[in-house]
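Visitor:
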Amino acid sequence: MRVHTGERPFECDVCQKTFSQKRALERHMRVHTGERPFDYDVCQKTFSQKGVLERHMRVHTGKRPFEYDVCQKAFSQKGVLERHMRVHTGERPFECDVCQKAFSQKGVLERTSWSFGASERHMRVHTGERPFECDVCQKTFSQKRALERHMRVHTGERPFECDVCQKTFSQKGVLERHMRVHTGKRPFEYDVCQKAFSQKGVLERHMRVHTGKRPFEYDVCQKAFSQKGVLERHMRVHTGERPFECDVCQKAFSQKRALERHMRVHTGERPFDCDVCQKTFSQIGDLERHTRVDTGERPFECDVCQKTFSQKEDLERHMRVHTRERPFECDVCQKTFSQKRVLERHMRVHTGERPFDYDVCQKTFSQIGDLERHTRVDTGERPFECDVCQKTFSQKEDLERHMRVHTGEREFECDVCQKTFFQKRALERHMRVHTGKRPFEYDVCQKAFSQKGVLERHMRVHTGERPFECDVCQKAFSQKGVLERVSDTCECTLMKDHLNVMYARRPFLKRELWSDT
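In the UniProt record's numbering, the protein residues as written are 1 to 517.
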């Protein structure tokens with residue numbers, strides 16, 4: 001009858017909780033006394049209530065007497081079956097009074113301890129209550145299971161193992177996500193582009209690509225990011241923090257992946273190989289750049305002049321040609337450069353460092369390019385060939401200058417008279433016509449010249465040096481140009497006639513070459 005009347009005549013002296021039945025009060029009293037009269041002889045575990053013992057026994061026996069007829073899934077406890085049924089029915093009977101969010105489970109008072117359901121755990125979102133504290137670091141949590149997961153950080157426990165690869169994890173959820181690596185399952189699909197993902201978090205990050213949402217902002221510089229991890233990495237730019245250190249050489253990095261890439265320097269690992277030539281690389285970026293060498297792909301285009309590049313870095317450097325940006329400054333002389341590596345090479349002017357030496361003659365150089373060019377002087381190697389006329393050159397720069405002969409390109413223009421030149425140094429020489437600058441002076445007669453070659457020719461007037469000799473008639477000349485004009489079948493009369501013609505066309509030469517004739 002008390003079921004109908006609601007009468008609860010049995011009251012607990014300790015906490016004043018009331019019950020409709022005396023035996024219910026007796027069971028409740030064990031919460032206060034700690035009495036656990038029911039023990040299981042298999043594992044010696046004790047319980048305060050007989051029903052809890054019976055449920056525990058099913059852990060050992062594997063008995064699952066409660067089956068759901070819709071999906072045939074079986075459970076060891078009736079309450080768990082009832083909660084599972086709500087998965088199929090969608091029933092969410094427990095509502096939050098604060099935000100009206102509904103839940104399928106309510107907090108239940110077990111006979112052994114308090115256990116909170118989803119609705120009561122949710123209330124802590126509003127109250128801010130965090131009753132579970134870590135004894136090691138005093139960090140607090142709103143849920144007991146969150147504390148239990150956290151404790152594995154301190155204990156190192158990894159109780160969840162993958163059956164396929166035996167990798168272990170500290171959390172069940174992480175194992176479940178890992179299993180999708182083996183199964184290929186991608187349950188999270190974006191309805192806009194139909195792209196599917198193995199993890200919900202990855203889907204959420206991808207959605208921001210479409211929405212443009214950047215919810216993570218740094219309060220120092222107001223820069224916003226679409227991902228929290230990217231914000232954290234950016235913060236290290238401001239703080240200078242480098243938390244990832246190499247165990248071998250103690251070099252520190254601001255990002256974990258940078259450390260992982262660096263470790264390959266020590267291990268020699270080259271996990272990325274080219275399918276075409278089987279060449280291996282330690283970095284995927286190096287492989288991608290190398291692949292473009294094989295394919296000829298140049299995906300990076302300059303918006304200004306439409307020049308294309310195989311590497312993004314090359315495009316960025318090229319853009320400084322248009323912007324005139326020179327962000328790299330020498331601390332010694334304040335000279336600025338458009339590229340960092342050019343600044344590094346320049347610094348050797350101040351330090352005197354010459355790290356590149358030639359093992360044949362022991363000559364040292366400050367630049368590796370200078371060493372390579374010098375080496376070709378000894379070997380006679382001319383590896384750079386013109387595709388048009390097959391002329392070969394020992395230096396790449398010489399080939400590039402030569403190519404302008406075929407293309408007619410004259411990219412160096414005088415700002416004063418708009419005259420164009422094939423080579424930069426030709427423009428520089430020409431500019432002295434406008435400036436009147438004569439930087440090359442002969443210390444004997446103090447005569448100054450605008451070009452070094454003219455000074456050298458003038459010096460031979462004083463020294464009498466005639467280093468250029470005709471192979472046919474053995475006549476010597478002070479200038480190479482005069483010798484080159486002499487025919488291969490040279491005769492004195494022919495040479496004289498040739499010089500007379502030359503003087504008629506260029507009379508100023510007669511004064512300089514009088515002693516030669």
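We put the CB at the ideal spot given by N, CA and C, even for glycine. Predicted model, so just to flag it, every value in this text is computed and none were measured.
According to DSSP, simplified to helix, strand and coil, what is E129?
Guide: In this structure, E129 counts as coil in the three-state DSSP scheme.
Visitor: Are the segment 259-272 and the segment 280-296 touching, with three or more C-beta to C-beta distances below 8 Å?
Guide: Yes: at least three Cβ pairs fall under 8 Å.
Visitor: Name, in chain order, the residues that DSSP records as bridge partners for A252.
Guide: E245.
Visitor: For a quick check, are the C-beta atoms of V276 and D303 less than 8 Å apart?
Guide: No, these two residues do not count as a Cβ contact at 8 Å.
Visitor: Quick one: what's T336 bridged to in DSSP?
Guide: The partner list for T336 (beta bridge, DSSP) reads E329.
Visitor: Assign E465 to one of three DSSP states: helix, strand, or coil.
Guide: In this structure, E465 counts as coil in the three-state DSSP scheme.
Visitor: Let me know the alpha helix (DSSP H) ranges lying completely inside the UniProt domain "C2H2-type" (272-299), each 4 residues or longer, listed in chain order.
Guide: Correct list: 284-295.
Visitor: Just mark V14 as buried or exposed, buried being the case when its beta carbon has 16 or more other beta carbons within 10 Å.
Guide: Its Cβ having fewer than 16 others within 10 Å, V14 is exposed.
Visitor: Within this structure, are the beta carbons of K200 and F216 separated by less than 8 Å?
Guide: No, Cβ-Cβ distance for K200 and F216 is not below 8 Å.
Visitor: Are the segment 158-170 and the segment 130-148 touching, with three or more C-beta to C-beta distances below 8 Å?
Guide: Touching, no.
Visitor: Please state whether DSSP places D471 in a helix, a strand or coil.
Guide: Note: D471 maps to coil in three-state DSSP.
Visitor: Is the beta carbon of S198 sitting closer than 8 Å to the one on R214?
Guide: Their beta carbons are not under 8 Å apart, which means S198 does not touch R214 by this criterion.
Visitor: Please state the DSSP three-state secondary structure of D378.
Guide: Note: D378 maps to helix in three-state DSSP.
Visitor: In chain order, what residues of the same chain have a beta carbon less than 7 Å from the beta carbon of E35, not counting five sequence neighbours either side?
Guide: Answer for E35: S48, listed in chain order.
Visitor: From V388 to K424, what distance separates their C-alpha atoms?
Guide: The alpha-carbon atoms of V388 and K424 are separated by roughly 23 Å.
Visitor: Assign E35 to one of three DSSP states: helix, strand, or coil.
Guide: Correct three-state label for E35: coil.
Visitor: Please list, in chain order, all residues of the same chain as A224 whose beta carbon is under 6 Å from its beta carbon, the five residues on each side excluded.
Guide: Around A224: R214 and E217.
Visitor: Out of curiosity, what's the CA-to-CA distance linking T168 and L175?
Guide: Approximately 8 Å between the Cα atoms of the pair.
Visitor: With distances taken Cα to Cα, identify the nearest neighbour of G296 among Q311, E82 and R457.
Guide: The option with the nearest alpha carbon to G296 is Q311.
Visitor: By Cβ distance, which residues of its chain are closer than 6 Å to E7, with the 5 residues on each side in sequence left out?
Guide: The answer is none, since no qualifying residue turns up.
Visitor: If the criterion is Cβ atoms closer than 8 Å, does the pair Q367 and F356 meet it?
Guide: Taking 8 Å as the Cβ cut-off, Q367 and F356 qualify as a contacting pair.
Visitor: By how many angstroms is the C-alpha of F141 removed from the C-alpha of R152?
Guide: The alpha-carbon atoms of R152 and F141 are separated by roughly 14 Å.
Visitor: Smallest Cα separation from Q418: which of H434, R404 and R55?
Guide: Out of H434, R404 and R55, H434 has the C-alpha closest to the C-alpha of Q418.
Visitor: Whole angstroms is fine: what's the gap from G173's alpha carbon to H262's?
Guide: Cα-Cα distance, rounded: 31 Å.
Visitor: Would you report the Cα separation of Q474 and E353, rounded to the nearest angstrom?
Guide: Approximately 46 Å between the Cα atoms of the pair.
Visitor: To the nearest angstrom, how far is the alpha carbon of S487 from that of F477?
Guide: In this predicted model, S487 has a pLDDT of only 45, less than 50, meaning its place in the structure is not dependable enough to derive any value.
Visitor: Helix, strand or coil for E189, going by three-state DSSP, please let me know.
Guide: Three-state result, E189: strand.
Visitor: Once you ignore the five residues that flank T420 on each side, which residues in its own chain have a CB closer than 6 Å to its CB?
Guide: Answer for T420: R410 and E413, listed in chain order.
Visitor: Which runs of the alpha helix (DSSP H) at least 4 residues long sit entirely within the UniProt domain "C2H2-type" (38-65)? Give them in chain order.
Guide: Counting whole runs of 4 or more residues, the UniProt domain "C2H2-type" (38-65) contains the alpha helix (DSSP H) stretches 50-61.
Visitor: So what does DSSP say about D488, is it helix, strand or coil?
Guide: Interpretation of D488 is limited by its pLDDT of 49, a score under 50 that renders its predicted location unreliable; no figure is taken from the coordinates.
Visitor: How many angstroms separate the CA atom of R64 from the CA atom of T46?
Guide: C-alpha separation (whole angstroms): 21 Å.
Visitor: Skipping 5 residues on each side, what residues in its chain have a beta carbon closer than 8 Å to that of Q171?
Guide: The residues are R149, R152 and F160.
Visitor: On a Cα-Cα basis, can you pick out the residue from K363, E385 and Q390 that is closest to D378?
Guide: Measuring from the Cα of D378, the nearest candidate turns out to be K363.
Visitor: Determine the closest residue to E182 out of C193, Y190, Q166 and V192, with distance taken between C-alpha atoms.
Guide: The identity of residue 182 in the sequence shown is His, whereas the question assumes Glu. The option with the nearest alpha carbon to H182 is Q166.
Visitor: Taking all protein chains shown into account, decide if H210 is buried (16 or more other Cβ within 10 angstroms of its Cβ) or exposed.
Guide: Flag for H210 reads exposed.
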